[in-house]
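My numbering numbers the first residue of the sequence shown as -14 and each following residue consecutively.
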Amino acid sequence: MKASGINYLVDAGPLVALLDSSDQWHRWSAGTLGVLGDVRLATTETALAEACHLLGFSRSAVLTVVHMVAAGMLIPFPTLAEDAGRIGTLLQKYPQMDLGDATLVVLSERIPRAKLITVDRTDFSVYRRADGTAVPSVMPPA
């Protein structure tokens, strides 16, 4: 899958918040993602599955995610099969890291100029890419 033209990655949290008006990060996510307009957002299949699981209370919200993929607004990259070794290394290094976050760190390594949109300040402030740099991120104010 080609990564050209990808400037933003998106974590599960902002997708959930965008589609769940009761989420504490709904306003921030709607504003942040809304400002981007028609920009294509990359994510991983694992993070996308996590978002859909968390949105499982609303079939409509899950279908919206599927429609975003179909429309090319949201581009899920497969990372688990291709990068299992690196993902395993990350999961060993960061015992509290979940699989979705590990796949996003790997995707950030593949597309190093892209910024990750996340509400997960605590974890993504700690995680590092293979070269030792932080994942460039767009997060709600602290």
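Using N, Cα and C, we set each Cβ at its ideal position, and we do this for glycine too.
Rounded to whole angstroms, residue 68 and residue -3 show a C-alpha spacing of 19 Å. Between the beta-carbon of residue 91 and that of residue 64 there is about 5 Å, and that keeps the pair under the 8 Å contact cut.
Contact check for residue -1 against residue 29 fails: the beta carbons are separated by 8 Å or more.
In the three-state reduction of the DSSP assignment, residue -1 falls in the helix class. If only complete runs of 3 or more residues are kept, the region 68 to 110 shows the beta strand (DSSP E) at 100 to 102, in order along the chain. Relative to the Cα of residue 116, the nearest Cα in the group 89, 94, 124, 2 belongs to 94.
For residue 28, no alpha helix (DSSP H) run applies; the uninterrupted beta strand (DSSP E) run containing it begins and ends at 26 to 29, by DSSP. In this model, residue 57 and residue 100 are separated by some 18 Å (Cα to Cα). Counting of Cβ neighbours within 10 angstroms places residue 54 among the exposed residues, the total staying below 16.
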